[in-house]
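Colleague:
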Amino acid sequence: MRLWSLHPRQLDRVGLVACWRESLLAQNVLAGKTRGYRNHPQLTRFRATEFPLNAVGAYLVGLQGEATRRGYRFNEEKILDSSDLGGAIPVTNGQLAYEWEHLGRKFEQRSPELVEAWRTGTPEPHPLFAPRPGGIEEWERP
């Protein structure tokens with residue numbers, strides 16, 4: 014499961030679709046609708062919020078918005094709750110940098126046409142996340 018901290022516009026088609034699918038799985042885990050993945054480390058930051066289901070819903074809204082911008086149809090009715098959280102979830106600059114490098118390796122394998130744009134770009138956070146100083150997040154499994 015990879016729930017990117019990066020802005021959805023920075024993902025390739027494969028990454029965006031996979032992130033949508035995996036985020037829906039995360040939503041089901043947080044809603045208690047599945048037994049699998051209950052202890053997955055990627056869920057830590059959502060569970061740390063006051064309303065984890067709202068947090069993952071807000072995350073999904075960001076993905077759905079990017080999909081719509083690209084002309085894809087991600088069914089927004091699958092989002093259980095995206096009520097306002099009253100603030101962003103913190104993410105470290107080190108985590109963003111780690112994911113940026115990871116994304117670059119993915120591009121080299123599956124989207125070589127995007128590698129040059131990746132090399133000249135910089136990581137931007139998903140709208141749900143607010144960058145702060147720090148290394149890779151504790152929940153990440155490098």
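When we follow my numbering, the leftmost residue of the sequence shown carries the number 14, and every step to the right adds one.
For glycine and all other residues, C-beta sits at the position ideal for the given N, C-alpha and C.
#1: Do the region 74-90 and the region 105-121 touch if we need at least three Cβ pairs shorter than 8 Å?
#2: With the cut-off set at 8 Å, would you say Trp33 and Glu112 are in Cβ contact?
#3: What residue ranges within the region 67-133 form continuous beta strand (DSSP E) runs of no fewer than 3 residues, ordered along the chain?
#4: Taking the straight line between their C-alpha atoms, what separation do you get for Ile102 and Leu43?
#5: Which first and last residues belong to the alpha helix (DSSP H) in which Phe59 is found?
#6: For Pro144, write down the residues that DSSP places opposite it in a beta bridge.
#7: Can you check which of these residues, Gly28, Asn67, Arg86, Leu24, is closest to Gly99 by C-alpha distance?
#8: Hey, how far is the Cα of Ser95 from the Cα of Ser36?
#9: Using beta-carbon positions only, say whether Gln40 and Trp152 come within less than 8 Å of one another.
#10: Out of Asn106, Lys46, His20, which one is the CA nearest neighbour of Leu93?
#11: How many angstroms separate the CA atom of Glu126 from the CA atom of Asn52?
#12: Are there 16 or more other CB atoms within 10 angstroms of the CB of Arg26, so buried, or fewer, so exposed?
#13: Rounded to whole angstroms, what is the Cα-Cα separation between Leu29 and Pro21?
#14: Counting along the chain, where does the alpha helix (DSSP H) carrying Trp17 start and finish?
Modeller: Reading it off the structure:
#1: no
#2: For Trp33 and Glu112, no; Cβs fall outside 8 Å.
#3: 102-105
#4: Rounded to whole angstroms, Ile102 to Leu43 spans 17 Å at the Cα level.
#5: 57-60
#6: Val104
#7: Asn67
#8: Spanning the two alpha carbons is a distance of roughly 13 Å.
#9: no
#10: Lys46
#11: 36 Å
#12: exposed
#13: 7 Å
#14: Careful: Trp17 lies outside any alpha helix (DSSP H) and carries neither H nor E.
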